[in-house]
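Asker: Here my numbering runs 107 ahead of the position in the sequence shown, where the first position is 1.
The structure under discussion is supplied below as structure tokens; questions concerning it will follow.
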Amino acid sequence: MKRLIPLAVALFAIAPAQALAQDFPVTVDNCGAELTFEQQPGSLVVHDINMSEMAFALGLQDKMVGVTGITGWYKTSESFDEQRGDIPELAPKYPTMENLIAAAPDVFFAGWYYGMKPGGDVTPETLADHGIKTMILSESCIHLDKERPAASMDLLFGDMLRLGKVFGKEAEAQALVADWQDQLAQIKERVGNGQGTRVFLYDSGEDNPFTAGKYAIVNAMIEAAGGVNVTADMDTSWGRASWEAVAAADPQFLILLDYQNGTGAEGLLDWLKSHPAMKDTAAVKDERFVALRYEELTPGPANITAIDKIAKAMNPEAF
């Protein structure tokens, strides 16, 4: 939380008046490399539901010539469908080069394991050969740059500010970030001394749980809500832990990922109740949990209300 305000101040301070007026060229950070746009992009393809919601938050639907990776995994909300309108889905899961070349966007907004795989067919390098620039989701940069710091909410804020700068929505992006920072400050004030609750996020997996490490934005979200991620020692964003390690940490609160097209959060809780090690942990015995959707736990606007949900469920007496 300590870096939230300095980030916005710093980004605003380095944006001269002509940048605010959307003069081009503009250059933004892209996983530690510079990405320069000689002119404002006219078209955009966005991968995944969370990144689509970033674009929607800035009103970029008129620039979006396609989305990818939505219906192959998720049941969308009515709100998402309304905001998407008639924007076509080019691929239900990961896009192919053919999908993207046919749409001919100026920009592909995606990430590593969010539409692209290291060494795969669709990468910033292969797309550049066809005149398509790639904006990479900041959370995913850890897959190629192991020297990055642990996740903070700056991952979301920075991506929103980059999108705003590139697509002529810088003022709107700054206003959104400032509002989100204010909401998080209010949550922190409400939680007060009620911090330190041990939290375990359970996504899926029976032999080994799939969960969030220190580079996933969920780690920062748990901290923002006043908790401590029991798998924060995992040197990855998302990955496999061991049930023995999780049970030994004795989590007091659970975040259960509700995919909506499977057994859902209640099914995950029922499974934990049957697990020989997890059934005796405080969180499982007390049935203390919150169910959150995928788009609430991956970088996007829904993170802010999700943090509020976590904080309220963990500390109901403070709200």
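We put the CB at the ideal spot given by N, CA and C, even for glycine.
Using the rule of at least 16 other Cβ atoms within 10 Å of the residue's Cβ for burial, across every protein chain shown, is W180 buried or exposed?
Answerer: Under this definition W180 is an exposed residue.
Asker: Rounded to whole angstroms, what is the Cα-Cα separation between C248 and L234?
Answerer: Roughly 17 angstroms between the two C-alpha positions.
Asker: Would you say the segment 286-298 touches the segment 404-418, given that touching needs at least three Cβ pairs under 8 angstroms?
Answerer: Yes: at least three Cβ pairs fall under 8 angstroms.
Asker: Can you tell me whether E403 is helix, strand or coil according to DSSP?
Answerer: Three-state DSSP puts E403 in a helix.
Asker: In angstroms with no decimal places, state the Cα-to-Cα distance between A124 and V284.
Answerer: No answer about A124 holds up, because its pLDDT of 39 lies below 50 and its placement is not dependable.
Asker: Would you report the Cα separation of P358 and V306, rounded to the nearest angstrom?
Answerer: Roughly 5 angstroms separates the two Cα atoms.
Asker: With distances taken from CA atoms, which of D136, Y201, I177 and W350 is nearest D387?
Answerer: Nearest option by C-alpha distance: W350.
Asker: If you draw a straight line from the alpha carbon of F216 to that of I194, how long is it in whole angstroms?
Answerer: Whole-angstrom Cα-Cα distance: 15 angstroms.
Asker: When burial is assigned at 16 or more other CB atoms within 10 Å of the CB, is Q146 buried or exposed?
Answerer: Exposed.
Asker: So R297 and F426 are in contact, right, with Cβ under 8 angstroms, and what is the actual spacing, rounded?
Answerer: With 8 angstroms as the limit, R297 and F426 qualify as a contact, their Cβ atoms being about 6 angstroms apart.
Asker: From K170 to A209, what distance separates their C-alpha atoms?
Answerer: If I take the Cα positions, the gap works out to 16 angstroms.
Asker: For T304 and V335, I'd like the C-alpha separation in whole angstroms.
Answerer: Answer to the nearest angstrom: the Cα atoms are 6 angstroms apart.
Asker: Mind checking whether Y309 and T343 have CB atoms under 8 angstroms apart?
Answerer: Going by C-beta atoms, Y309 is not nearer than 8 angstroms to T343.
Asker: Does the segment 253-267 come close enough to the segment 402-411 to have 3 or more Cβ pairs within less than 8 angstroms?
Answerer: With the cut-off at 8 angstroms, the segment 253-267 and the segment 402-411 touch.
Asker: Thinking just about the alpha-carbon of each residue, which of G166, H250, F317 and P316 is nearest to the one in G271?
Answerer: Closest option to G271, Cα to Cα, is G166.
Asker: If I follow the unbroken alpha helix (DSSP H) through L234, where does it start and stop?
Answerer: That run of the alpha helix (DSSP H) goes P231 to A235.
Asker: Rounded to a whole number of angstroms, what is the C-alpha to C-alpha distance between L404 and A348?
Answerer: In a straight line, the C-alpha of L404 is about 18 angstroms away from that of A348.
Asker: Bridge partners of R347, per DSSP?
Answerer: Answer by DSSP bridge pairing, in chain order: F317.
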